[in-house]
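Engineer: Got a structure here, written out as structure tokens. Questions coming.
Numbering (this note's numbering), first residue to last: 5 to 152.
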């Protein structure tokens with residue numbers, strides 16, 4: 005099923021190109037967010053900093069034509085949505101945190117048809133690594149069906 009996401013998204017992008025749309029990606033890299041995550045309850049009680057990368061696919065034709073924020077997907081609003089969702093509640097797994105962010109973006113922005121979210125946890129406990137991360141790509145259709 006996860007292999008179907010790129011294929012479905014590619015077909016959707018081709019259809020939009022043929023309709024006169026201007027498909028494109030809105031991207032934020034390294035968004036600093038606070039969140040609570042950990043398998044152990046004591047880890048979930050402590051807030052930690054995470055770095056989040058977000059790529060949102062949308063039709064940019066109105067924003068390009070009008071050069072007006074009201075016709076665009078507001079990047080500051082995307083960042084605020086991500087920060088709010090990251091801090092909303094503790095989770096055991098980074099995977100759940102990442103999927104929750106992707107779904108929150110679809111819930112908040114009707115113009116998005118695909119999102120890619122990568123949540124990085126710097127210096128994870130006991131791993132001896134610089135960072136660990138989880139990346140999820142979802143289309144609106146998969147998010148609506150509860151798939152990730």
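Glycine included, every Cβ here is placed at the ideal spot set by N, Cα and C.
Remember, it's a predicted structure, so these values are computed and weren't measured experimentally.
Would you check if there are 3 or more beta carbon pairs closer than 8 Å linking the stretch 39-49 to the stretch 58-74?
Structural biologist: no
Engineer: Between which two residues does the beta strand (DSSP E) containing residue 40 stretch?
Structural biologist: Position 36 of the chain shown, counted from the first residue, corresponds to residue 40. Segment: none, residue 40 is in no beta strand (DSSP E) and carries neither H nor E.
Engineer: Going by the beta-carbon positions, is the gap between residue 105 and residue 121 smaller than 8 Å?
Structural biologist: Taking the first residue of the chain shown as 1, we reach residue 105 at position 101. Taking the first residue of the chain shown as 1, we reach residue 121 at position 117. Yes, these two residues count as a Cβ contact at 8 Å.
Engineer: Compute the Euclidean distance between the alpha carbons of residue 35 and residue 24, then round it to the nearest angstrom.
Structural biologist: On the chain shown, residue 35 is found 31 positions in, with the first residue counted as 1. On the chain shown, residue 24 is found 20 positions in, with the first residue counted as 1. Taking the straight line from one Cα to the other gives about 32 Å.
Engineer: Would you kindly work out how many angstroms separate the C-alpha atoms of residue 134 and residue 70, rounded to a whole number?
Structural biologist: Locating residue 134 in the chain shown gives position 130, where the first residue counts as 1. Locating residue 70 in the chain shown gives position 66, where the first residue counts as 1. Whole-angstrom Cα-Cα distance: 43 Å.
Engineer: Given 7 Å as the limit, tell me if residue 63 has its C-beta closer than that to any heavy atom belonging to the ligand ADP.
Structural biologist: In the structure shown, the ligand ADP is absent, as is every other ligand, since no ligand is present at all.
Engineer: Are there 16 or more other CB atoms within 10 angstroms of the CB of residue 31, so buried, or fewer, so exposed?
Structural biologist: Here residue 31 corresponds to residue number 27 of the chain shown, with the count starting at 1. Under this definition residue 31 is an exposed residue.
Engineer: With DSSP collapsed to three states, give me the class of residue 77.
Structural biologist: For the purposes of this step, residue 77 is taken as residue 73 along the chain shown, with counting starting at 1. It is coil, neither helix nor strand.
Engineer: Could you tell me which residues DSSP puts in a beta bridge with residue 132?
Structural biologist: Along the chain shown, one-based indexing puts residue 132 at 128. Answer is none; residue 132 lacks a bridge partner.
Engineer: Under a three-way DSSP split, which group does residue 144 fall into?
Structural biologist: Reading the chain shown from its first residue, position 140 is the one you call residue 144. Note: residue 144 maps to helix in three-state DSSP.
Engineer: Tell me the rounded alpha-carbon separation between residue 114 and residue 68.
Structural biologist: Taking the chain shown and counting its residues from 1, the one referred to as residue 114 is at position 110. Taking the chain shown and counting its residues from 1, the one referred to as residue 68 is at position 64. Residue 114 and residue 68: Cα-Cα distance of roughly 18 Å.
Engineer: Report yes if the CB atom of residue 147 is closer than 8 Å to the CB atom of residue 107, and no otherwise.
Structural biologist: The sequence position of residue 147 within the chain shown is 143, counting from 1. The sequence position of residue 107 within the chain shown is 103, counting from 1. In contact: residue 147 and residue 107 (Cβ atoms closer than 8 Å).
Engineer: Less than 8 Å separating the beta-carbons of residue 119 and residue 101?
Structural biologist: Along the chain shown, one-based indexing puts residue 119 at 115. Along the chain shown, one-based indexing puts residue 101 at 97. No, they are not a contact pair.
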